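Note sheet for the following structure.
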Amino acid sequence: MDRPEELKTSSQILMVPGHYRRGFTLLELLVVMAIIAVVTALVIPRVGNSLSNLELKASARSVAACLRYANTRAMTVKKPYLAVIDPAKNV
Numbered sequence: 127m128d129r130p131e132e133l134k135t136s137s138q139i140l141m142v143p144g145h146y147r148r149g150f151t152l153l154e155l156l157v158v159m160a161i162i163a164v165v166t167a168l169v170i171p172r173v174g175n176s177l178s179n180l181e182l183k184a185s186a187r188s189v190a191a192c193l194r195y196a197n198t199r200a201m202t203v204k205k206p207y208l209a210v211i212d213p214a215k216n217v
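The opening position of the sequence shown corresponds to residue 127 in my numbering, with each subsequent residue numbered one higher.
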């Protein structure tokens with residue numbers, strides 16, 4: 127004999143056709159968190175390397191600009207011009 131809806135147990139309610147459970151199980155949440163952790167662990171080192179590469183390229187451009195300036199200045203004054211790169215002074 128069927129009981130009224132308010133007297134049925136939760137497992138009986140979940141088995142009723144057309145009645146779907148709401149929310150996620152702990153296992154589903156843990157699987158998603160594990161996937162996010164793996165993807166994050168793979169992406170972070172690449173981002174760090176990209177930043178290092180960008181800094182290296184910016185430094186190379188700065189040195190190239192300094193050498194172009196020294197070359198242009200030497201041609202303008204028609205004398206040798208010295209470009210000094212001093213990492214201690216960041217110049």
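For glycine and all other residues, C-beta sits at the position ideal for the given N, C-alpha and C.
Computed from a predicted model, the values in this text were never measured in an experiment.
Which one of the options has the shortest CA to CA distance from residue i?
{"i": "P206", "options": "D212, A214 and L193", "result": "L193"}
{"i": "P213", "options": "A200, S185, T202 and M201", "result": "S185"}
{"i": "S188", "options": "T151, L153 and I211", "result": "I211"}
Is residue i near the ligand GDP, going by C-beta to nearest heavy atom under 8 Å?
{"i": "N175", "result": "This structure does not include the ligand GDP; it has no bound ligands of any sort."}
Below 9 Å between beta carbons: does that hold for residue i and residue j?
{"i": "L226", "j": "A190", "result": "Outside the displayed span of the chain (127 to 217) sits residue 226, for which this structure offers no information."}
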